[in-house]
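Numbering (the UniProt record's numbering), first residue to last: 5 to 306.
Notes follow the structure.
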Ligand code: ADP
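Here it is as structure tokens:
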């Protein structure tokens with residue numbers, strides 16, 4: 005199975021013809037309220053890919069907490085390690101204009117209360133049933149670093165999606181089995197401007213130099229670059245017609261994690277992640293756009 009340590013939020017999105025100027029009010033066309041947060045999205049992606057999945061995270065005791073919990077449950081994510089703390093669930097406040105341009109205010113609220121002790125307790129609770137730990141950086145960075153080390157110590161394969169990108173202490177990297185930045189996250193962490201496969205290879209070398217086992221840099225419609233000490237491979241993307249690229253990276257990481265937990269070989273796991281990422285771009289929104297195992301099988305067989 006897969007254990008995900010990460011953020012949970014209620015995504016409140018207003019759709020308008022154009023975004024308001026400072027101080028201006030515009031009329032919107034629609035508003036949606038859906039489950040979001042990179043931790044929750046990756047957990048849903050892993051569960052929909054067929055893996056027994058536990059999410060370790062915090063929600064508040066408010067109506068948003070009930071809404072996101074029931075969404076997680078309906079996608080098959082185990083809630084035993086989701087804690088209700090305080091009175092406020094994290095909220096992402098999103099505005100999207102007719103061209104798809106957006107801006108986002110993400111307020112962590114309950115996500116800020118996730119602690120190293122909670123992570124230790126949860127890893128202890130699920131370690132006999134899980135083999136892969138998925139992490140992102142929307143939770144307090146010291147808790148994410150603790151989770152990397154605790155997960156590796158418990159014998160889990162630690163997959164770190166360093167998003168949003170922020171510097172991590174050198175001691176953390178050797179415990180990361182797989183790092184999965186996109187182009188901009190790879191650039192922010194390594195200082196290498198990632199624009200193509202050759203520059204992605206230079207960025208990947210930065211991670212390997214710091215002790216990471218496998219650098220897997222996602223390149224959107226250009227696919228992904230996989231670099232280990234033994235081998236460098238470029239995987240071309242599956243051609244699709246994207247309508248909304250939100251959560252492509254979360255679909256990729258969740259599906260990759262599920263495939264690794266199922267014992268599939270690395271190249272197959274990468275292909276399943278890429279197919280899930282491609283499919284996520286063909287539907288609007290974050291968690292509602294995440295494909296299930298059958299959709300991934302169909303794209304890979306096509
Ligand atoms: P993020 O959403 O974190 O920026 P990417 O855009 O790199 O991540 O997407 C993750 C993976 O999803 C890519 O490696 C690719 O395989 C797939 N993907 C993303 N966008 C497209 C696209 N436009 N066409 C085909 N595949 C895509």
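C-beta: ideal position from N, C-alpha, C; glycine also.
Residue i, enclosing beta strand (DSSP E) - first and last residue
i, result
"residue 63", "57-63"
"residue 150", "No beta strand (DSSP E) contains residue 150, which is instead part of the alpha helix (DSSP H) from 145-157."
"residue 98", "95-100"
"residue 115", "Segment: none, residue 115 is in no beta strand (DSSP E) and carries neither H nor E."
"residue 34", "32-40"
"residue 237", "236-239"
"residue 20", "13-20"
"residue 206", "Unbroken run through residue 206 is the alpha helix (DSSP H), 201-213; no beta strand (DSSP E)."
"residue 232", "228-232"
"residue 219", "218-222"
"residue 87", "86-88"
Cβ pair residue i, residue j closer than 8 Å
i, j, result
"residue 163", "residue 141", "no"
"residue 232", "residue 205", "no"
"residue 276", "residue 300", "yes"
"residue 217", "residue 192", "no"
"residue 93", "residue 68", "yes"
"residue 281", "residue 256", "yes"
"residue 167", "residue 80", "no"
"residue 53", "residue 263", "yes"
"residue 57", "residue 8", "yes"
"residue 6", "residue 196", "no"
"residue 248", "residue 41", "no"
"residue 59", "residue 39", "no"
"residue 134", "residue 266", "no"
"residue 102", "residue 26", "no"
"residue 118", "residue 98", "no"
Nearest-angstrom Cβ-Cβ length linking residue i and residue j, presumed shorter than 8 Å
i, j, result
"residue 147", "residue 114", "Rounded, the Cβ-Cβ distance is 13 Å, inconsistent with contact."
"residue 250", "residue 279", "In fact, because the Cβ distance is near 17 Å, the residues do not count as touching under 8 Å."
"residue 14", "residue 31", "The pair is not a contact, with the Cβ atoms about 23 Å apart (cut-off 8 Å)."
"residue 294", "residue 45", "7 Å"
"residue 220", "residue 274", "7 Å"
"residue 201", "residue 207", "About 11 Å; that fails the 8 Å criterion."
"residue 169", "residue 189", "4 Å"
"residue 239", "residue 227", "5 Å"
"residue 194", "residue 210", "4 Å"
"residue 2", "residue 261", "Residue 2 is absent from the structure shown; the chain starts at 5 and stops at 306."
"residue 11", "residue 43", "4 Å"
Closer than 7 Å: residue i CB and nearest the ligand ADP heavy atom
i, result
"residue 268", "no"
"residue 2", "Nothing about residue 2 can be reported from this structure: the residues present for the chain run from 5 to 306 only."
"residue 253", "yes"
"residue 211", "no"
"residue 11", "no"
"residue 236", "no"
"residue 278", "yes"
"residue 247", "no"
"residue 228", "yes"
"residue 294", "no"
"residue 19", "no"
"residue 68", "no"
"residue 224", "yes"
"residue 194", "no"
"residue 244", "yes"
"residue 186", "yes"
"residue 241", "yes"
"residue 272", "no"
"residue 285", "yes"
Nearest to residue i (by Cα), restricted to the options the options
i, options, result
"residue 125", "207, 188, 39, 86", "86"
"residue 288", "13, 274, 246", "246"
"residue 66", "49, 161, 90, 169", "90"
"residue 100", "74, 158, 19, 133", "19"
"residue 154", "187, 120, 270", "120"
"residue 258", "130, 227, 296", "296"
"residue 122", "111, 25, 150", "150"
"residue 303", "271, 268, 266, 242", "242"
"residue 71", "271, 116, 16", "16"
"residue 83", "184, 102, 130, 157", "130"
"residue 179", "186, 165, 185, 161", "161"
"residue 230", "184, 268, 177", "184"
"residue 112", "222, 61, 260", "61"
"residue 186", "165, 305, 173", "165"
Limits of the alpha helix (DSSP H) - the one that residue i falls within
i, result
"residue 300", "297-305"
"residue 72", "67-78"
"residue 123", "120-130"
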